[in-house]
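Each residue of the sequence shown is one higher than the last, beginning at 865 in the numbering used here.
Glycine included, each C-beta is placed from N, C-alpha and C at the ideal position.
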Amino acid sequence: MKRILTLALGVMLVLSIAGCGQAAAQGEAPASQTQTEAPAFLPVTAVSNDACSVVIQALDPSSMWGYTLKAQLENKSADKSYMFSVESASVNGVMCDPLFASEVSAGMKSNVDISFPLSTLQSNGVGDPTDIELTFRIYDNDDWQADPVAYQTVHVYPQGEAAAASFVRQSQSTDNVLVDNDAVTVIVTGYRDDPIWGYTADLYLVNKTDKTVMFSVDDAAVNGYMADPFFATVVNAGKCSFKALSWSDTTLEENGISAVENISFTLRAHDNDDWMADDIVNQQVTLTP
């Protein structure tokens, strides 16, 4: 079981890197946005109970893995191994999964890095981190059915809470607004050939509700040929996200597609915690890159 979990976590980390890299391709940030010095920082206790603790002890803005929070984990159990994970995270209100998952044996402590790839922070004008939100989920690594021993959200303010700011994207003349209502916004910001994921349509998603929203597509086709993209993503309440619809080169080749002329699909958005609720969005979309 532990070997299977280790493999699964490795795949998740690769996908996290790739997902953040998809957002990075939309533009280079000014050099002034690059972090060069860590500000004065007071440790933040993110989790503290009878079973475990998480303390964010320091910042490293220029780690080789990206903007990094240095944390100490403690498993206070006498006989259980705990998996420490970040279920969701955002920087300045923009969803971005960090590179992090760590198993800690019973009675042990561990010093770890929680890293956000620099490209995620610098692309699309997100700028320096002022508000990092993390939701920790800590659970028995040998009993996935058990309730977590900790499930807690914490904010880390690298420049002090008074300096916290939420990212607001400026509209572009090339934007294709698919949906913009009281609940969500979905914008196609551009198209590109990704060396890993294949033909890609970049998206900007905004969740304006107080619910966690799942965005997905059904019945996708490229040039009239059915072809499912790599896409399904959750955006937390009040957050935004840069994501992408991607079709592998193999998928296009199998359908004899050398140039993408049109893309069609049903765009869906729904309450991720209530699958019986009506869709927030359910509409047919046709794109002509």
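Exercise. What are the complete beta strand (DSSP E) segments, minimum 3 residues, inside the segment 907–949?
Worked result: 908–912, 916–927 and 930–939
For this session: Could you spell out the range, first to last residue, of the alpha helix (DSSP H) harbouring D1113?
Result: D1113 to E1118
Exercise. Does at least one heavy atom of the ligand ATP sit under 6 Å from the Cβ of N1136?
Worked result: Although the ligand ATP was asked about, the structure shown includes no ligands whatsoever.
For this session: Give the DSSP-derived three-state secondary structure of N1040 in the structure shown.
Result: strand
Problem set entry | Contact under 7 Å by Cβ, V1048 with A1133 | Yes, the Cβ-Cβ distance between V1048 and A1133 is below 7 Å.
For this session: Compare the beta carbon distance of L1109 and A1065 with 7 Å and say whether it is the shorter of the two.
Result: yes
For this session: Closer than 7 Å by C-beta to S1028: which residues in its own chain qualify, once you throw out the five before and the five after it? Chain order, please.
Result: This sequence places Ala at residue 1028; Ser is not what is there. Cβ within range, chain order: T994, D995 and Y1021.
Problem set entry | Beta carbon of N1045 nearer than 7 Å to that of T1076 | no
Problem set entry | Residue burial classification, G1154 (beta-carbon count within 10 angstroms, cutoff 16) | Outside the displayed range of the chain (865 to 1153) lies residue 1154, so it cannot be described from this structure.
Exercise. Do you know offhand how far V1013's Cα is from T1150's?
Worked result: 46 Å
Exercise. Just reading off the beta strand (DSSP E) that V1077 is part of, what are its end residues?
Worked result: V1077 to V1086
Problem set entry | Supposed contact pair N1071 and K1103 - C-beta distance, whole angstroms, cut 8 Å | Contact between K1103 and N1071 is confirmed by a C-beta separation of about 6 Å, below the 8 Å threshold.
Problem set entry | Span of the beta strand (DSSP E), counted from its first residue to its last, around G1062 | G1062 to N1071
For this session: Please classify E938: is it buried, with 16 or more other beta-carbons within 10 angstroms of its beta-carbon, or exposed?
Result: buried
Exercise. Where DSSP assigns a beta bridge to R1001, which residues make up the other side?
Worked result: S949 and Y1015
For this session: Assign E892 to one of three DSSP states: helix, strand, or coil.
Result: The pLDDT assigned to E892 is 42, lower than 50, so where the model puts this residue is not dependable; a value taken from the coordinates is nonetheless given after this. Looking at E892 - three-state DSSP - the assignment turns out to be coil, as it is neither helix nor strand.
Exercise. L879: buried (16+ other C-beta within 10 angstroms of its C-beta) or exposed?
Worked result: Summary for L879: the model assigns pLDDT 45, below 50, so the residue's position carries little reliability; its value from the coordinates is reported in the next sentence. Exposed.
Exercise. If you scan the segment 952–995 from start to end, which runs of the beta strand (DSSP E) of 3 or more residues do you find wholly inside it?
Worked result: 965–968 and 973–980
For this session: Please determine if the segment 967–982 and the segment 1113–1123 are in contact, where contact requires at least 3 C-beta pairs separated by less than 8 Å.
Result: no
Problem set entry | Distance CB(A970)-CB(D943) smaller than 7 Å | yes
Exercise. Grouping DSSP H, G and I as helix and E and B as strand, with all else coil, what is I1144?
Worked result: coil
Problem set entry | Own chain partners of P907 with C-beta closer than 7 Å, once the 5 adjacent residues on each side are dropped | V919, I920 and Q921
Exercise. Is DSSP giving A1123 helix, strand or coil here?
Worked result: If DSSP states are grouped into helix, strand and coil, A1123 belongs with coil.
For this session: Assign A1029 to one of three DSSP states: helix, strand, or coil.
Result: coil
For this session: Return the first residue and the last residue of the beta strand (DSSP E) that G1054 is part of.
Result: V1048 to D1058
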